Amino acid sequence: MDRRLSVRVAALAVGLCGCGSDKLVIVSPTDTTNLTNEPLTSPACPAVNFGKRPAALSLTASTPPALQVLGMGSETGRYTAEVAARATTAYTTTWGTRSAVGNKIDIWDVSGSTPTLVDSVIVANATTLGDVAVSDDGKLLVVATERSGGSIVVFDLTDPRHPRQLSRFTNQDTDPGVHTAEIGRVNGRLYAFLAIDPLGSIHAKLVIVDLGDPANPQQVYSKAAGNPFVHDTFLRDGLLFVALWDDGIEIWDVGGCGSGASPSAPRVLGNLHTVGGQAHNIWWYHDASGGKRFAFVGQESPGVIGSSSAGDIHVVDISDPTAPQEVAFYHVDGAGTHNFSVDEANGVLYAAYYNGGVRAIDVRGDLKTCLPSQKNFTSTGNITRCDFRLMGREIGVGLVELNRGVYVWGVQYLAGTIYASDMVNGIWKLKAVK
Amino acid sequence: MLTEGYLTQPMFMAHAGWRSLHGVLTLNFEGLTQSRGELSTGAYGEGYVDRRHPHAYVHELLAGVEDSIRGTHLSLYAGRGFAPFGSDDPMVRPFEKYPVNHHLAQILERVLVVSAARIGPVIGEFGVFNGDEPLSPGSPPKYSRFGDSWSSRLTVLPARYVELSASVARVKSPELPDGHGLDQNKSDVYARYDHRTNDSRVYGLAEWAHTNEHASGVSTSLGSFLGEAAVCKRDVMAGARIEGADRPEEERLDDPFRTPRPASDLSNLGVSRWTTLTLALSAPRFLAKSFSARPFVEVARIHAGPGDPPGLFDAELRYGTSWMWMYSVGVRLKVGMIHDRMGRYGAAVVPEPGTRAHPNESHNMPGMASMPGMSMPNHSTNAACTL
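Top to bottom, those sequences are chains A and B. For any residue, its number in this note's numbering is found by taking its place in the first sequence, counting from 1, and adding 1. For any residue, its number in this note's numbering is found by taking its place in the second sequence, counting from 1, and adding 310.
Take a look at the structure:
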C-alpha cells in the first residue's frame, strides 16, 4: 500500500475516535515490510508456529485513566518482593532487611477487595526471597532464596493457604543466591529455571532443575550466562527466553522446536542486544488470535530503591527466532519497569513500574507498525522503533495517584484483577482495565 | 554496643633507588589480622559496611624513573598503587580511624602508569589504570582492564607548608570486575597545611570530594566535605576532624557488616549522610632505638541521616538511633621509618619546606631531623611528632 495513502487513512481513524466511536480502529498497515499474513514457522524451529501477523491498529493517545484500587494488604515489617496468585490466594515474598530480614512468605486471602494475611512461612538461611511461582496445576509453590548460599524451596499446595515444604534444592552452582526461579513444563515435565547471582570473579549462571519429582529436585544443566547478570527467564512452548543484561536476550530451544534439544541440552536459536542493554525480564506474548510474534523485554536501569527507577519496555519481533528484532518501546519519564503480567485474552500488558506504580499497555494488533510520527530514532542502537506512548497504547496507570510512596516490584493479572507487590506497602488489589 | 580488638594497619614499607630508577613497596597485612574489617561506623566499600575493609596485601608496588630536564622534574612510575587523585591515604594521617569519604577521595590499589612533572611550585600528574577495585586482599587486579580509567591531579605550592590540589578521575565499573557496572566521575579539591619542626607539627586539611555514579543516564551523586587538623608539641598530638559524607546504601548479607560483591544489580537502597566529629589525642612515644610506641585515643560523635535521595535508608530502623558514639583506644607501633605520605610518586612528591626539589631527591636518604640536608620528603622519621 502506498505510504501516503496509509497515513491519510490513519488520520481519518483518529478523527473518528474524536467523534466518540470506539477508540480502537483497525486500519491497514503503514509499514510495507513483511506483509505476509500466513502462519509463520522458522526453519530453525519448525515445531513452533508463530502465527499470523496481526492487523495494525490506530489508537488515540490520551491521558490514561487511573486503575481502580480495590484494597491493600499491609506488610511493613519487611520489604515485599514478588507476587504470585492463584484462585483466591496470593503469595508474596520479602526482600533485604527492614525491621526484619526478608525471609518470609506472606499468604493472603484475596477473595475480598482487601487482601487479608492468613498465614506466613519463614524460610531459614535466607536474607531475600526474591521470586515466587505457582505451578500451572496449582500443586507446587517454588520460592528462590538469596545470599546464604542460594536455593529453591519447593512447597506442597495441597492446602493453598498453608504451604508445606517438600524439598530444598541447593548446591555449589546456586551459590551465592538464586535471583529468580521460573517454573514451567517441557513436554509435560516440570522444570525450574534458576538465575544465579555472580560472586566475586565467578560469573552469573543459569541453572535448570528437574522438578518431575518435586520432593527430589535434580539439576540437569548449568551454564555461565549474563553480562554481568542474568536476572530472569521465561519458558513457553519449549522455548526459553533468557535475559542476559548487557548481552540482551537469547532464545533457547529446550524442547519446543522438535530438534532434539531439551532442558539438559539446550540449543541457542538467536539473540538480540536490546537498546541500552540491562535486559532484566521477558514475556513471550501469545495474542488472542494465536499470534506469537512478539516478546516484551524489561530493562532494569540503575535506581534508588524506594525513590527512583529507570528502564524501558522493549518490544521484540521474534517471528524469526534466529534473528530477533527490536521494533517498539514504552518509556515512562522518571520511572523504570520491573516484572510483567499479560492479560492475553484482552491484549493488555501490565507492568510493575517501581515508583511509577502499575502501567497498563494495550498490546493488541501489529506492534511493529506505526505512523511515522509515532516512530523514534535511537542513536544508541541506531534503530527506529515505534513509541508505544505516541501510539496511544498506554491505557491505565495504577497507584501513583494515591499520593503515598509506592515501589512496585511485581504484578499478576488474574481474572479481571491485578495483584501488585509493593516493596514499601505490601500487596495491592486493583481492577484490570476493561 | 560492640567492642573489638585487633592489629590494624600492619604494614611493611620499603623504598629503593639507584640513579634514576626507584622502587616503592607497601605490603599490607590487614587481610590476615582483620579480615572481618575494622569497626568503623559509617565506613563502607569493597563489600564492607560500618567496617573498614582490609586492604590488598600488595598496597603499593611500583618502579619508576625520575629525571630533571631544564628545571622540570619528570617521573614515570608503573605498578600497583594509588592513582593520582585526591588526598593522602588516611593511614598516614594523624587519625587512626578512616574518614567515611575514603572511597570518594582516594583511588588505590590499581595497576597503573602515572606520569608527573613539577615545574617550580606546580605539579601535574596523569595516570591510567584499571577501574576494578580489589575483590579481596589477595585477589589480583583485572589486568585486561588496564587503561579503561584515568585520573589527573594538579597541585600548586603557593607558600611554604601550603599545598592546593584539584583532581578529576573517570573510573569504569569499579565494583564489577568484568565491567558493565556503574561508572564514576570523580572530583576532589583540597588545601593542606603541614608545618613541621624538630619537635612540633601543625597540620590541617580541608577537602571537598564528589563522585557521580552513573549508567544509562541515571546517576547518584555522592559528596563529602572534610576538615581535619592536628597540633603536636612535646610529642603530644591533639587532633580534630569534622566530616560530612554521603554513603550509597546497599543490600546487606547475613553478616550485617557485609554487602554482596558484586551486588545483584546496579541499584542502591538510597543515600545516607554521615556527619562525624572526631577528637584524637596521642601521648608521647615510648622510644627504643628504631622502635616507637605511641598510645592514642579517639572519640567520635556520629550522626546518620537521610541523604539525597534517601531511598529506603532509615537510621532509626538500621541502628535504633541516628546518633552514635565510637571510641578507639590503641597504640601505634612502628619500627624504622614509614612513608610520610602515600599516594604520590616521583615528581609528584611534595618536597618538605626548606628543601629543594632536585632530580632523584624524593627517595634519597631518609630525612633525619638531626641530619640537615638529608631530608627525605616521603618518609617519616623518629623525630618528635611523627606518627
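Quick reminder that beta carbons are idealized off the backbone N, C-alpha and C, glycines included. All values reported here derive from a predicted model rather than from experimental measurement.
Along the chain, where does the alpha helix (DSSP H) containing residue i start, and where does it finish?
i, result
"B:Glu626", "625–629"
"A:His339", "Careful: A:His339 lies outside any alpha helix (DSSP H) and carries neither H nor E."
"B:Ala415", "412–415"
"B:Gly653", "Looking at the DSSP string, B:Gly653 is not in any alpha helix (DSSP H), and its letter there is neither H nor E."
"B:Glu340", "340–343"
Less than 8 Å between the beta carbons of residue i and residue j, yes or no?
i, j, result
"A:Glu301", "A:Gly337", "yes"
"A:Ala45", "A:Asp367", "no"
"B:Phe439", "B:Leu422", "yes"
"B:Gly341", "B:His412", "no"
"A:Arg360", "A:Val328", "no"
"B:Ala610", "B:Ala519", "no"
"A:Val221", "A:Gly382", "no"
"B:Trp584", "B:Val410", "yes"
"B:Phe606", "B:Glu406", "yes"
"B:Lys496", "B:Asp458", "no"
"B:Gly653", "B:Gly374", "no"
"B:Ser531", "B:Asn522", "yes"
"A:Ile384", "A:Asp363", "no"
"A:Phe230", "A:Pro199", "yes"
"A:Val412", "A:Asn340", "yes"
"A:Leu391", "A:Ala421", "no"
Are there 16 or more other CB atoms within 10 angstroms of the CB of residue i, so buried, or fewer, so exposed?
i, result
"A:Ala182", "buried"
"A:Asp214", "exposed"
"A:Glu402", "exposed"
"A:Asp32", "Here the model assigns A:Asp32 a pLDDT of 42, short of 50, so the residue's position is not dependable and the matter cannot be decided."
"A:His163", "exposed"
"A:Ala352", "buried"
"B:Ser574", "buried"
"B:Ala326", "exposed"
"A:Arg165", "exposed"
"B:Trp635", "exposed"
"B:Val641", "exposed"
"A:Ile203", "exposed"
"A:Thr89", "exposed"
"B:Met675", "Only weak support exists for where B:Met675 lies, its pLDDT of 34 falling under 50; the value from the coordinates is given anyway. It counts as exposed."
"A:Pro47", "exposed"
"A:Gly151", "buried"
"A:Gly304", "buried"
Since residue i and residue j are thought to touch, with beta carbons under 8 Å apart, how far apart are those beta carbons, to the nearest angstrom?
i, j, result
"B:Gly533", "B:Glu559", "The Cβ separation is near 15 Å, so there is no contact."
"B:Leu464", "B:Ala476", "5 Å"
"B:Pro566", "B:Leu486", "That belief does not hold up - the Cβ atoms of B:Pro566 and B:Leu486 are roughly 23 Å apart, past 8 Å."
"A:Arg394", "A:Gly52", "Contact doesn't hold; Cβ gap of about 20 Å is too wide."
"A:Gly357", "A:Ser308", "12 Å between Cβ atoms; not a contact."
"A:Asp174", "A:Lys206", "6 Å"
"B:Leu563", "B:Glu538", "In fact, because the Cβ distance is near 32 Å, the residues do not count as touching under 8 Å."
"A:Val144", "A:Thr94", "6 Å"
Nearest by alpha-carbon distance to residue i: which of the options is it?
i, options, result
"B:Lys644", "B:Thr313, B:Pro320, B:Leu312", "B:Pro320"
"A:Arg268", "A:Ile362, A:Phe242, A:Tyr286", "A:Phe242"
"A:Asn228", "B:Ser510, B:Gly489, B:Asp509, B:Lys496", "B:Gly489"
"A:Ile153", "A:Phe341, A:Leu212, A:Phe230", "A:Leu212"
"A:Asn377", "A:Asn356, A:His315, A:Ser308", "A:His315"
"B:Arg651", "B:Glu561, B:Thr313, B:Ala324", "B:Ala324"
"B:Glu376", "B:Pro400, B:Ile417, B:Arg329, B:Thr343", "B:Arg329"
"A:Thr98", "A:Glu83, A:Ala125, A:Thr129, A:Trp109", "A:Thr129"
"A:Asp344", "A:Pro322, A:Asp318, A:Thr323, A:Trp284", "A:Trp284"
"B:Leu492", "B:Arg604, B:Arg511, B:Gly441", "B:Gly441"
"A:Ile250", "A:Ile319, A:Ile203, A:Tyr286", "A:Ile319"
"A:Leu60", "A:Gly406, A:Cys371, A:Gly427, A:Phe235", "A:Cys371"
"B:Pro451", "B:Ile433, B:Ala658, B:Glu370", "B:Glu370"
"A:Glu147", "A:Phe170, A:Asp137, A:Leu158, A:Asp160", "A:Phe170"
"B:Ser632", "B:Gly646, B:Ala614, B:Met647", "B:Ala614"
"B:Gly362", "B:Met401, B:Gly554, B:Gly391, B:Val368", "Looking at the sequence itself, residue 362 of chain B is Arg, so the reference to Gly does not match. The residue with the shortest Cα to Cα distance from B:Arg362 is B:Met401."
"A:Gly74", "A:Val434, A:Lys435, A:Asn426", "A:Asn426"
Going by DSSP, what residue range makes up the beta strand (DSSP E) through residue i?
i, result
"B:Ile616", "In the sequence as presented, Ile is not what sits at residue 616 of chain B; that position holds Pro. Unbroken beta strand (DSSP E) run through B:Pro616: 601–616."
"B:Tyr513", "510–525"
"A:Lys224", "219–225"
"A:Phe295", "295–300"
"B:Leu697", "Unbroken run through B:Leu697: none, as it is neither H nor E."
Compute the minimum distance between the beta carbon of residue i and the heavy atoms of the ligand ADP, and state whether it is under 7 Å.
i, result
"A:Ala289", "Absent from the structure shown: the ligand ADP. Ligands present: none."
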